[in-house]
Amino acid sequence: PDKGQPLLSVEAATKRFKGLVAVNEVSFHVKSGEMVGLIGPNGAGKSTMFNLMTGTLQLSSGRTEFMGENITRRSQRDIALMGMARTFQHVKLRPQMSVLDNVALGAHARGQCGMLRAGFNLDTEEERRIHAEARRQIARIGLEGQEMEAAGNMPLGTQRLIEIARALAADPVLLILDEPAAGLRKAEKQALADLLSRLRKEGVTIMIVEHDMDFVMKLVDRLIVMNFGTKLFEGDPQAARADLGVREAYLGH
Ligand code: ADP
Ligand code: MG
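Numbering-wise, the sequence shown is residues 341 to 593 according to UniProt numbering.
1) Is V376 near ligand 2, judged by its Cβ being under 7 Å from some heavy atom?
2) Between which two residues does the alpha helix (DSSP H) harbouring K386 extend?
3) Use the C-beta contact count for H430: other C-beta atoms within 10 angstroms, 16 or more gives buried, fewer gives exposed.
4) Name the DSSP bridge partner or partners of I379?
5) Which word fits S387, buried or exposed, when buried means at least 16 other C-beta atoms lie within 10 angstroms of its C-beta?
6) Kindly indicate which three-state DSSP category R414 falls into: helix, strand or coil?
7) Counting C-beta neighbours from all protein chains within 10 Å, is the total for P495 16 or more, i.e. buried, or is it exposed?
8) For E574, name the three-state secondary structure that DSSP assigns.
9) Whole-angstrom Cβ separation of V376 and K571, contact assumed at under 8 Å?
10) Let's see if you can read the secondary structure: which residues bound the alpha helix (DSSP H) around I502?
11) Rounded to a whole number of angstroms, what is the C-alpha to C-alpha distance between V560 and L532?
12) Any idea which residues DSSP pairs A425 with across the strands?
13) Please list the terminal residues of the continuous alpha helix (DSSP H) segment that includes H471.
Next comes the structure, spelled out in structure tokens:
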């Protein structure tokens, strides 16, 4: 998609869990090449919003569109194949597997043969291509030389970077990151911020959920703020900082 074209459209997305409306009629767009932040207090509905976009959860009502196609009822797998790649709030790596194999799984996610054949029966050329791609992404996060380490032995900050590398190995059209800075030490946060600004310069379209407002404000083009399932604010990061409703949502928590 051309830069500036709408890539993702969310229209009146709503998710009900029994008595709770976790996401309530939320609408927004993400354009190609943009980096958009989604922030809000704990329980605001941010992860649920991501789960609705990626097909991890089905909407109760509303509509989602990706690259001009209605994806409202599409499966997580179909949406991933279309080019939406994500990380999770709680790191989901395979701890016993090597860094290389974890990242290679991302490339498999969009490869012709898909996850089912990951690790089995791959013709060697496809396997070589996938491993080369995985190594390229590992270099991008500064972990060259550590490809064969078990992912579970790495510090949390590194595991989060590995998750991003795995998502990037799928060559995503849209990269979705759920609290990538959570639990990171200062130096790890800085490494993550550097990676994200590099990706942004390269024109990767990114949507990022982050609890740490200061961290995300420096990075993004636009901020969406949620509170109690609704969209409280959308616009310039600086304007968000000045917005009374946003300040109240954060201070009142
Ligand atoms: P955030 O990511 O902004 O912290 P979540 O999207 O995780 O918020 O959660 C929003 C609300 O929905 C919370 O009250 C949470 O307890 C609730 N919730 C999230 N997932 C589920 C679920 N699978 N079943 C029931 N309630 C859920
Ligand atoms: Mg969350």
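For glycine and all other residues, C-beta sits at the position ideal for the given N, C-alpha and C. Everything numeric in this text was worked out from a predicted model, so none of it was measured.
Taking the coordinates as given:
1) Remark: the C-beta of V376 is outside contact range of ligand 2, defined as less than 7 Å to any heavy atom.
2) From DSSP, the alpha helix (DSSP H) with K386 extends over K386 to M393.
3) exposed
4) DSSP, once it has assigned bridges, lists V565 as partnering I379.
5) buried
6) coil
7) With fewer than 16 other Cβ atoms within 10 Å, it is exposed.
8) strand
9) Contact doesn't hold; Cβ gap of about 12 Å is too wide.
10) From DSSP, the alpha helix (DSSP H) with I502 extends over L496 to A509.
11) Distance between the alpha carbons of V560 and L532: 14 Å.
12) L515
13) T464 to R480
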